[in-house]
Amino acid sequence: MNTVLITLNVLGGLAVFLYGMKIMSDGLQKMAGVKMRQMLSIATTNRIAATFSGMLVTSIIQSSSATTVMVVGFASAGLLNLYQSLGVIFGANIGTTMTAWIVSLFGFKIQISLFALPVIAIGFFCQFLPSKWVAVRRAAEGLFGFGLLFLGLDIMKNAIPADFAQSPFVVEWLSKFTPDSALTLILLIFTGTILTMILQSSSAVMAMTLTCAAAGIINFPTACALVLGENIGTTITANLAALGATKTAQRAAMGHFLFNFIGVIWVSLIFKHFIALIDWLVPGSPYMTDPETLNSVLPYHISAFHTVFNVLNTIIMLPLLKQLAKLTLLIIPKTKREDKHQDSELVYLNTRFNQTPELAVLTARKEVERMMSFVSKLTDKLLHALKTDDNKLFERLISDAKDAEKTTDVLEHKINSYLTQMSHGNLSRHAVAQTVALFDLTNSIEGMGDCGEKIAKILEKFHNTNPPSFNEKDLQNMESMARKTKEIIRNTREVILQFPNPHRTGEAENMFKAAVKNENELNAMRKTLREERNVRISQGQQATPSSITAYGDILNNFERMGDYAMRITETILHMKAEEAQPDMKSLSGMPGPVSDQPLA
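With the first letter of the sequence shown counted as 1, position 456 gets the number 461 in our numbering; the numbers rise by one all the way through.
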C-alpha cells in the first residue's frame, strides 16, 4: 500500500511538472510570436545556420517537440527542404538539453518550496493585468508554468522517502537493471524510449530520471542508459506530426529518428568509456551515495552526459547530412506522383500545426494565398473562353473554371474548420484577431469564386445560340473586364504575400491607393461598357432581352470580384477605401473588414 501511495504521489508530481512545461512553452511561444519563424528562416542559409536556429528556438520555447512539429509543418509547407529540416532538428536536440541543466541547477541545490509558490503567485496574478501590458501578461504565463514545473519536481522529490533506496526489495530489484551487460543496457534504453513515447516529453522523463538518481534509486550508468532511450522516444512526436504530411515532412521526421538512433548505437558500443569521459569532464564522483553527492554532483553528471552526447552526435552527423538524407530517401522513396496533392486538399495546414497555434496563423496565410490562386486560375479560364472559337476548348475551359470554383468552396470549408479548431487553443489576443481576419479573407475569396462560376454558367448557356447572343464587340468588352479583374486579383495576391506584418509604410499606402484606383476603374468600366451596349442596341444592334440581362450580369459579376478583392486589401492593410478617397461610395453595399486588427 505504501509503495502504491509513493507511486501515485510521484505521478501526481509528474502531472504538475508536465502541465507546467506546457504552460511555460505556450507562454514563451506567445512572447516569441513571429520571431520564431524569423529564427527558423536562418535555416535556409546553410547547415550550420540551420543547426544554430534549431538550438536557439528550442532553448527559447523549452520544447524540442514543439520545434520538431514546427519543422515538419514548414517542410510540409515547402518552406524548408529536407537538408534544412534535418539541420534544424540537429540543433533542437542540443537546445532541449537546457531543461536538464535548469532542473539540475535549481531543482536540487535550492529549496524549491522557497521560490516555486511565490513564482506561481506572481505569474498567475500578473496574467490579469490590463491589456496594454500584453508583453508582461505573456511573460507571466511563462513564469506561471516555470513555477508549476518546479513545484511538480518538488512533489516528486518529497514523494520518495529518504530510506527508500536502502530498502532490500529496491536494492535487489535495481541490481537486475544496471547496464553491466549488453542485454541490460538495451533493456534500459528500451525502457527510456517507451516512457518518453508514453509521456510525449523527454524533459519530463529526464526530470524523473534526475529525481530518482538524486534519491539514490538509480545509479549514474543506469540514468545514462535511460537518457539514451529518452533521445529515441522523443522522435515519436515528429513522426506523429508527419502523418498525412508531404513526403519531405515524413523524411524530416524519419531523419530525426535516424539521427538519434544512430547516435545511441555508437554511444552504446563505447558506453563505459563514454561514461568515463563524462566523469573526467565533470568534477566530483557520481558514484558516492551520500545525500550531498546525490543532490549536487550526480544531476550535473547526468545533464553533462545528455549535452555531450547530443553535441558530439551533431558534430559527427552534420558533415554526413547528405548521406543521412539519402538514407531517408531509401526508407521513404520518391514516387512519380510525390507531393502532387489534390487541389481541394490542404497543403500547408495538413500537419498537427495547431500544437503551435501562433505559427499556424502564419501558415494559414499561405493556405489562403493558395486558395486565391484558384480564383486567379478561374479568371484565366474565363478570359480564354471569351477569346476562343474552338467549341471543345471552350467546353474544357468552362469545366476547368467550374472545378476551380468548387475547389475554393472546399478549401474555404477546410480552412475555416482548421481555424475554428485552432481558435479554441491558447492564443494571444493578437493571434485571435488575425484568425478572425483570416475567416474574412476566406469568405471573400469564396465569394469571388461564386461570381466566377456565375459568369461561367452564363457563358455556357449563351454559347453557340442562333442568332449569336453576343457579337464581336460584346466579347471584346467582356474580355476587357476580365483582363482588368485579372490585374486586380494579381495585385491582391501580392498584397497577401508581401505584407505579413503591415504597418503604415509608404509602400503599403501606395499599394492601397493603387488598389482603390483599380477598383474605381473597374466600376467605371462596367458602367461605360453597359451604357455603350445600350447605345448600340438603340442604334439597331440585334439583342434579345435575355442576352441583355446576361451581358449585364457578366459585367456585374466581374465588378463584384473587384469589390471582394478590395475588401481583402482593406482587411490586410488595415486601411479603408474612404481614407484614400473620402467621397468614394461604399463597395456594393458590402460590410467592411470584420476586424480592426492588422493581419500579421
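Where a beta carbon is used, it is the ideal one built from N, C-alpha and C, also for glycine.
Report buried or exposed for residue i, applying the criterion of at least 16 other Cβ atoms within 10 angstroms of its Cβ.
i, result
"Glu400", "exposed"
"Pro338", "exposed"
"Val15", "buried"
"Pro304", "buried"
"Arg538", "buried"
"Ser449", "buried"
"Gly499", "It should be pointed out that residue 499 corresponds to Glu in this sequence rather than to Gly. Looking at its Cβ environment, which holds fewer than 16 other Cβ atoms inside 10 Å, Glu499 is exposed."
"Gln653", "Residue 653 cannot be examined here, being either before or after the span of the chain that is shown, 6 to 605."
"Tyr292", "exposed"
"Leu188", "exposed"
"Asn515", "exposed"
"Lys130", "The residue you asked about is not Lys; residue 130 is Phe in the sequence shown. With fewer than 16 other Cβ atoms within 10 Å, it is exposed."
"Glu477", "exposed"
"Gln255", "buried"
"Gln481", "exposed"
"Asp344", "Note that Asp344 scores a pLDDT of 46, beneath 50, so its modelled location is shaky and nothing firm can be said."
"Pro226", "buried"
"Glu434", "One point to set straight first is that residue 434 is Arg, not Glu, in the sequence displayed. So Arg434 ends up on the exposed side."
"Ile493", "buried"
"Thr12", "exposed"
"Lys532", "exposed"
"Glu417", "buried"
"His346", "Residue placement at His346 is poorly supported in this model, since its pLDDT is 46, which falls under 50; the coordinates still yield a value, given next. With fewer than 16 Cβ atoms within 10 Å of its Cβ, His346 is classed as exposed."
"Leu329", "buried"
"Thr8", "exposed"
"Lys382", "buried"
"Leu464", "buried"
"Leu19", "buried"
Give the range of the alpha helix (DSSP H) segment to which residue i is assigned.
i, result
"Leu122", "121-131"
"Gln426", "396-428"
"Gly545", "Looking at the DSSP string, Gly545 is not in any alpha helix (DSSP H), and its letter there is neither H nor E."
"Ile3", "This structure leaves residue 3 out entirely; the chain is present only between 6 and 605."
"Asn448", "434-466"
"His261", "252-274"
"Gly197", "187-204"
"Tyr88", "87-100"
"Pro226", "225-238"
"Ile336", "326-336"
"Met213", "207-219"
Mind reading off the beta-carbon distance from residue i to residue j? Whole number of angstroms is fine, and I expect it under 8 Å.
i, j, result
"Met211", "Ala105", "5 Å"
"Thr56", "Leu323", "7 Å"
"Thr576", "Ala442", "5 Å"
"Arg393", "Thr490", "In the sequence as presented, Arg is not what sits at residue 393; that position holds Thr. So it is not a contact: roughly 18 Å between Cβ atoms."
"Val380", "Met483", "Not quite, the Cβ-Cβ distance comes to about 18 Å (not below 8 Å), so this is no contact."
"Ala228", "Thr214", "5 Å"
"Ile403", "Asn562", "Not confirmed; about 15 Å, so no contact."
"Ile336", "Leu446", "With a Cβ gap of about 39 Å, Ile336 and Leu446 do not count as contacting."
"Phe22", "Gly157", "3 Å"
"Met530", "Cys456", "Not confirmed; about 16 Å, so no contact."
What does a CB cutoff of less than 6 Å around residue i pick up in its chain, not counting 5 residues either side in sequence?
i, result
"Met103", "Ser64"
"Asp295", "none"
"Ala548", "Ile542"
"Met377", "Ile450, Arg498"
"Tyr569", "Ser449, Gly452, Met453"
"Ala409", "Phe379, Lys382, Leu383"
"Ala247", "Val77, Ala254, Gln255, Ala258"
"Met60", "Gly96, Ile99, Gly100"
Excluding the 5 residues flanking residue i on each side, which residues of the same chain have their C-beta closer than 7 Å to its C-beta?
i, result
"Ile28", "Glu146, Phe149, Gly150, Leu153"
"Leu134", "Val141, Arg142"
"Val272", "Leu233, Phe279, Phe314"
"Val124", "Leu148, Phe151, Gly152"
"Tyr24", "Leu153"
Could you name the residues of the same chain whose beta carbon sits closer than 8 Å to that of residue i, not counting the 5 residues immediately before and after it, in chain order?
i, result
"Leu190", "Pro184, Ala230, Ser273, Phe276"
"Ile237", "Ile194, Gly197, Thr198, Thr201, Phe262, Asn265, Phe266, Val269"
"Thr319", "Thr56, Phe95, Gly96, Asn98, Ile99"
"Gly128", "Ala145, Glu146, Gly147, Leu148, Phe149, Gly150, Phe151, Gly152"
"Glu235", "Gly197, Thr198, Leu200, Thr201, Ser207, Val210, Met211, Thr214"
Can you confirm whether residue i, when its beta carbon is compared against all beta carbons of chain D, has any partner nearer than 8 Å?
i, result
"Gly157", "Of the protein chains in this structure there is only one, and it is not chain D."
* Asked: Counting pairs of Cβ atoms below 8 Å between the stretch 472-482 and the stretch 544-563, do you hit three or more?
  -> yes
Contact between the stretch 238-247 and the stretch 259-274 (3+ Cβ pairs under 8 Å)
yes
query = Touch check for the stretch 280-290 and the stretch 197-205: three-plus C-beta pairs under 8 Å?
reply = no
Within 8 Å, do at least three Cβ pairs link the stretch 419-427 to the stretch 487-501? no
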